[in-house]
Amino acid sequence: MSIIGRLFYLQILQHDKYTQIAARQHQAIENILPERGEIFALTNNKQDSGYYPLAINQITYEVYANPTEIIRPQNITDILVEVLELDSVFDSEVAQTRGELILDKLKKGNDKYEGIKKNVTESQVKNLEEKLAVLIDDININKLEKDKVYTAGIHWNKEILRYYPDKEIGAHILGFLGYDQDGVNRVGKYGVEGFWQEELAGTGSQMIADRAGGGRLLPFSSLQAYAKDGADLVLTIDRTVQYQACKSLEKAVALYDAEGGSVLIMETDTGAIRAMCTFPSFDPNQYNQVETVDVYNNQAVYHAYEPGSVMKAVAMAIAIDTGKVTADTIYEDKGEIKFAGGFTVRNSDRKAHGMVDMTEVLAASLNTGVIFATQDIKNKIYENYMEKFGFGQITGLSISQESKGDIFSLSKRGDTYKATASYGQGITATPLQMLNSFNALANRGNLVQPYLVEQVKFSNGKIDGVEPKIIRKVVSESTAATLAAMLVQVVDSGHAGKAAVPGYYVAGKTGTAQVADPETKGYSIDKTIHNFIGFAPVENPKFTMITKLDFPTAARFSADTAAPLFGEIAKFLLEYYQIPPNR
865 MSIIGRLFYL QILQHDKYTQ IAARQHQAIE NILPERGEIF ALTNNKQDSG
915 YYPLAINQIT YEVYANPTEI IRPQNITDIL VEVLELDSVF DSEVAQTRGE
965 LILDKLKKGN DKYEGIKKNV TESQVKNLEE KLAVLIDDIN INKLEKDKVY
1015 TAGIHWNKEI LRYYPDKEIG AHILGFLGYD QDGVNRVGKY GVEGFWQEEL
1065 AGTGSQMIAD RAGGGRLLPF SSLQAYAKDG ADLVLTIDRT VQYQACKSLE
1115 KAVALYDAEG GSVLIMETDT GAIRAMCTFP SFDPNQYNQV ETVDVYNNQA
1165 VYHAYEPGSV MKAVAMAIAI DTGKVTADTI YEDKGEIKFA GGFTVRNSDR
1215 KAHGMVDMTE VLAASLNTGV IFATQDIKNK IYENYMEKFG FGQITGLSIS
1265 QESKGDIFSL SKRGDTYKAT ASYGQGITAT PLQMLNSFNA LANRGNLVQP
1315 YLVEQVKFSN GKIDGVEPKI IRKVVSESTA ATLAAMLVQV VDSGHAGKAA
1365 VPGYYVAGKT GTAQVADPET KGYSIDKTIH NFIGFAPVEN PKFTMITKLD
1415 FPTAARFSAD TAAPLFGEIA KFLLEYYQIP PNR
């Protein structure tokens, strides 16, 4: 090809190709990462503007070198040591000075990566960038354009670290920021972080930036799209209540030698979750330092268990609402009831109590009595009531991992399934479902929608608020009032005396639940779950609460474990909400 032809080929036919190559040499593509939304709890501290940070972002940088790009290693070493304050990093390296160690890293000519320092501040990076730019300008003096360098060989990656100030407190509510399956992108796992991943994450973008002299980037030369930061979440959690409840639970687990436990506190009228604790917990700042990933599971919404005698309050409400019994209905308790096929149900104390009314059935927690109360209710009607109370379906709380429990046995033919279900066996429910069912009794028969997120604050200023919602009427207001009065007697004169708070009317029910043994196909002889559910003050309930302890060994019955735990937290709540005594 002639010289003229070659010039025509290069300048005309290949013009676009070489223009793009030149552009790549003078431009850089930078990913614009959105800032992840932060998560807040409520607080009464005026200095905190009503919010307490539960999950926040901390921006740091990792500085590293590409030795293949290094031209003046000694000059760069001096800059790094000065700007990054590397004296403290290498104090233990007595064999060499700090400068020599850095210099050795920069002289590894075949190495494209040498870590210099992590957790570098934004101001340090800015200072480093300015000093390196001056050095590059000095290197490029008197050089032709084609010979100029555009990097000093020192780079940095922006790292947005997720920080959880309260560590183990509330970890199961929040979850944590982990990695997706490719191990590269960070995503929310478990809890609110997982459920609200899309809203919290925001939307990223890319920026094409021109290089100025010295290699400095001129940002926003050409912006392909705008990054959208993630939304902030304001939870219904009251940080003070959460802290107190979780600490009380932790103490109770140790005191009663339990394997774990849960506490859930709901605002009665609205369904707002004010506290949600599960123990054992974990530190979401160091989520990978756990013995088993099972600890990530939020037992308050994930663990469906046979609840035991706490279910008798629900069964009695159904019996009263269908007109089968009243609080004053009397029956003769013979200590056991026999069913066709030889199946026999006995009271837990193995005693016959003689002539008792329905209030005493709850106070003494008589299996035979609650079977008597529900025996004339058709199975389908009973099943429908259980569904109205929310069993066998998720509550819709905006958190990951919620289980729906299992009430399938109620659809089977035969009287024994309904009978055992009436005292909390053969069916399963989560602590949240049990709490919500009792809350309907406390709330004039209304089942409310539990909610955990009060506000979603988007980066464009839009705020989505959550309004309390009544899902449906489960039982009549009269039935609910009757049950509340009966449950006060359970606390005042029944098994639940240790849940009482002097000066207040407290309603509640104990439950010592047997645990199914998959090997024997029966129930464990040494493992039980203790729970207590109640609300206060009865005349105008402010809160409904469940306390649950898994496999305690220091006491046999929930009256001596979960009930006093409830009483301790209830006393705090009544004082915290400044509710005056009324008895």
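Numbering (the numbering used here), first residue to last: 865 to 1447.
Note that beta-carbon positions come from the ideal geometry of N, C-alpha and C, so glycine has one too.
Just mark residue i as buried or exposed, buried being the case when its beta carbon has 16 or more other beta carbons within 10 Å.
i: Leu877; result: The predicted position of Leu877 is uncertain, since its pLDDT is 49 and thus under 50; a value taken from the coordinates is nonetheless stated next. That one is exposed.
i: Pro1416; result: buried
i: Val1105; result: buried
i: Val1157; result: exposed
i: Tyr1160; result: buried
i: Ser1275; result: exposed
i: Ala1234; result: It is Val, not Ala, that sits at residue 1234 in the sequence shown. Buried, because 16 or more other Cβ atoms sit within 10 Å of the Cβ of Val1234.
i: Asp1121; result: exposed
i: Lys1242; result: exposed
i: Val958; result: With a pLDDT of 44 at Val958, under the threshold of 50, the modelled position of this residue cannot be trusted; read the value that follows with caution. Val958 is exposed by the Cβ-count criterion.
i: Arg1336; result: exposed
i: Gln1153; result: exposed
i: Glu1432; result: buried
i: Phe1040; result: buried
i: Ser1342; result: exposed
i: Phe1059; result: buried
i: Pro937; result: buried
i: Glu1383; result: exposed
With a threshold of 6 Å on Cβ separation, who are the neighbours of residue i within its own chain once the five nearest residues in sequence on each side are excluded?
i: Val984; result: Tyr925, Val927
i: Met1350; result: Ala1191, Thr1223, Leu1226
i: Gln889; result: Bear in mind that the predicted position of Gln889 carries a pLDDT of just 47, short of 50, making it too unreliable to give a figure here.
i: Thr1411; result: Val1127, Phe1396, Ala1426, Leu1429, Phe1430
i: Asn1231; result: Val1209, Asn1211, Tyr1287
i: Ala905; result: Tyr916, Leu918, Leu1099, Ile1101, Arg1103
i: Cys1141; result: Ala1109, Cys1110, Leu1113, Val1127
i: Lys976; result: Asn930, Thr932
i: Lys981; result: Val927, Leu948
i: Ala1371; result: Ala1348, Leu1351, Val1352, Gly1398, Phe1399, Val1402
Between which two residues does the alpha helix (DSSP H) holding residue i run?
i: Ser1112; result: 1103-1119
i: Pro917; result: Element bounds for Pro917: not the alpha helix (DSSP H) but the beta strand (DSSP E), 915-929.
i: Asp1328; result: Run containing Asp1328: none in the alpha helix (DSSP H); it sits in the beta strand (DSSP E), 1327-1329.
i: Gly1055; result: 1055-1059
i: Thr1376; result: No alpha helix (DSSP H) contains Thr1376, which is instead part of the beta strand (DSSP E) from 1371-1381.
i: Thr1238; result: 1231-1238
i: Ser1342; result: 1341-1357
i: Tyr1440; result: 1426-1440
i: Tyr990; result: Looking at the sequence itself, residue 990 is Lys, so the reference to Tyr does not match. Where Lys990 is concerned, the enclosing alpha helix (DSSP H) stretches over 986-1003.
i: Asn1300; result: 1295-1306
i: Thr1259; result: Premise fails: Thr1259 is in no alpha helix (DSSP H) and is neither H nor E.
Assuming residue i contacts residue j (C-beta within less than 8 Å), just tell me the rounded distance between them.
i: Leu1119; j: Ala1418; result: 7 Å
i: Ile1393; j: Asp1414; result: 6 Å
i: Leu943; j: Leu897; result: The amino acid occupying residue 943 in the given sequence is Ile; Leu does not appear at that position. That pair is no contact at about 26 Å.
i: Val1402; j: Tyr1441; result: Actually they are not in contact, since the Cβ atoms of Val1402 and Tyr1441 sit about 15 Å apart, beyond 8 Å.
i: Asp1197; j: Val1220; result: 5 Å
i: Asn950; j: Ile966; result: Note on identity: in this sequence residue 950 is Leu, with Asn being the wrong assignment. Leu950 to Ile966, Cβ: 7 Å. Contact.
i: Ile1005; j: Val1013; result: That belief does not hold up - the Cβ atoms of Ile1005 and Val1013 are roughly 12 Å apart, past 8 Å.
i: Gly901; j: Asp1096; result: 5 Å
i: Val1165; j: Ser1267; result: 7 Å
i: Glu1170; j: Ile1271; result: 11 Å between Cβ atoms; not a contact.
i: Pro1295; j: Gly1135; result: About 15 Å separates the two Cβ atoms, so there is no contact after all.
i: Asn1149; j: Tyr1028; result: 5 Å
i: Leu1064; j: Gly1047; result: About 20 Å; that fails the 8 Å criterion.
Kindly list the residues whose CB is nearer than 7 Å to the CB of residue i, restricted to its own chain and excluding five residues on each side of it in sequence; keep chain order.
i: Ala886; result: In this predicted model, Ala886 has a pLDDT of only 47, less than 50, meaning its place in the structure is not dependable; the value taken from the coordinates is given anyway. Same-chain partners within the cutoff: there are none.
i: Thr1132; result: Asn1303, Ala1306, Asn1307, Phe1399, Pro1405, Lys1406, Phe1407, Thr1408
i: Phe1236; result: Tyr1195
i: Lys1092; result: Pro898, Gly1066, Thr1067, Ser1323
i: Ile1182; result: Thr1238, Ile1241, Tyr1246, Tyr1249
i: Gln1297; result: Gly1254, Phe1255, Thr1259, Gly1269
i: Pro1445; result: Gly1367, Tyr1368
Taking 8 Å as the CB-CB cut-off, is residue i touching chain C?
i: Glu1331; result: Absent from the structure: chain C. Only one protein chain is present.
Under DSSP, the beta strand (DSSP E) around residue i begins and ends at which residues?
i: Ala905; result: 903-906
i: Gln1319; result: 1317-1321
i: Lys1412; result: 1407-1414
i: Val1365; result: Val1365 -> no beta strand (DSSP E), and no H or E assigned at all.
i: Ser1126; result: 1124-1131
i: Ala1139; result: 1137-1143
At a threshold of 7 Å, does residue i count as lining the ligand ZN (C-beta to nearest heavy atom)?
i: Tyr1387; result: Within the structure as shown, the ligand ZN is missing, as the structure has no ligands at all.
Leaving aside the five residues before and after residue i along the sequence, list all residues of the same chain whose C-beta is less than 8 Å from its C-beta, in chain order.
i: Lys972; result: Pro931, Glu978
i: Val947; result: Gln988, Asn991, Leu992, Lys995
i: Ser956; result: Its pLDDT being 49, under 50, Ser956 is placed unreliably by the model, and nothing is read from it.
**Prompt:** Does the region 1347-1364 come close enough to the region 1387-1405 to have 3 or more Cβ pairs within less than 8 Å?
**Reply:** Yes, they touch.
**Given 8 Å, three or more beta-carbon pairs between the region 1243-1263 and the region 1165-1182** = Touching, yes, given that three or more Cβ pairs across the two stretches are closer than 8 Å.
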